[in-house]
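S.K.: Protein chains in written order, with this note's numbering: chain A, 9 to 124; chain B, 525 to 640.
Where is the CB? At the ideal position from N, CA and C, for every residue including glycine.
All values reported here derive from a predicted model rather than from experimental measurement.
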Amino acid sequence: SAVISQKPSRDICQRGTSLTIQCQVDSQVTMMFWYRQQPGQSLTLIATANQGSEATYESGFVIDKFPISRPNLTFSTLTVSNMSPEDSSIYLCSARTSGGLPDTQYFGPGTRLTVL
Amino acid sequence: AQKITQTQPGMFVQEKEAVTLDCTYDTSDPSYGLFWYKQPSSGEMIFLIYQGSYDQQNATEGRYSLNFQKARKSANLVISASQLGDSAMYFCAMREEDTGRRALTFGSGTRLQVQP
């Protein structure tokens, strides 16, 4: 299994500001992802973080709003830019492990973001 | 179209009883994986069980088992001998292996409440 840590665990931010969330995995992984979970909702994929290249974004999510970096195999960041109250959500980092059975996908503890 | 459908927004079960949480899926990809996650009120996503589309036997992990009916495209989670600590949100998810995306797609979730 993989242990995934995220920083910060929660934050309260003002409208119009930006927040960068960090994700660190304790072992090498094949793929890393960022999800959003709005209050009372399920998880929605924001993007796949690609090592050393631009992330692959899902429909409805754009790089200008959610820039993502992945400089190496075990670390990624997600920035929520120019925040509005609608961005208040839990943001979860996820990683697909390499090797082992099953080839499952693990999640970090999440970052609870509140935008005022 | 919905790829993962969970038709039970909420379920109640008595402590020590078994409960089945429903999940149906839709895919044309012959290679896929089905996952169940538990999300307690703390917000973390806990991996429970995995079933591959080519697996001949239903997956089991302790008190969790997956009732996989491929022809019906269903992957129901069975929790035996429910405990108070099982009260949480439960999400079914699918990963399609032959498409380029390879990320999990989640259902809307079922909130399980275990009653003493």
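#1: What would DSSP say about Leu27 (chain A), mapped onto helix, strand or coil?
#2: To which residues does DSSP link Ile98 (chain A) through a beta bridge?
#3: Got a sec: is the Cβ-Cβ distance from Tyr588 (chain B) to anything in chain A below 8 Å?
#4: Beta carbons nearer than 7 Å to chain B: which residues of the segment 24-50 of chain A have them?
#5: For Gly609 (chain B), which of helix, strand or coil comes out of DSSP?
#6: Roughly how many angstroms separate the alpha carbons of Arg18 (chain A) and Ile98 (chain A), rounded to a whole number?
#7: Please list the segments of the beta strand (DSSP E) lying wholly inside the segment 552-614 of chain B, counting only runs of 3 or more residues, in order along the chain.
#8: Compute the Euclidean distance between the alpha carbons of Gly68 (chain A) and Pro640 (chain B), then round it to the nearest angstrom.
#9: Three Cβ pairs or more, each shorter than 8 Å: is that satisfied between the segment 528-535 of chain B and the segment 55-75 of chain A?
#10: Ordered along the chain, which non-local residues of its own chain (more than five positions away) have a Cβ less than 6 Å from that of Thr8 (chain A)?
#11: Would you mind sorting Gly609 (chain B) into buried or exposed? The rule is 16 or more other CB atoms within 10 Å of its CB.
#12: Could you please tell me which residues of the segment 72-101 of chain A, in chain order, have their CB closer than 9 Å to any CB of chain B?
M.R.: Let me lay it out:
#1: strand
#2: A:Gln45 and A:Arg120
#3: no
#4: Met39, Phe41 and Ser50
#5: helix
#6: 9 Å
#7: 556-563, 570-576, 588-593 and 598-603
#8: 43 Å
#9: no
#10: There is simply no residue 8 (chain A) to check, as chain A begins at 9 and stops at 124 in what is shown.
#11: exposed
#12: Ile98 and Leu100
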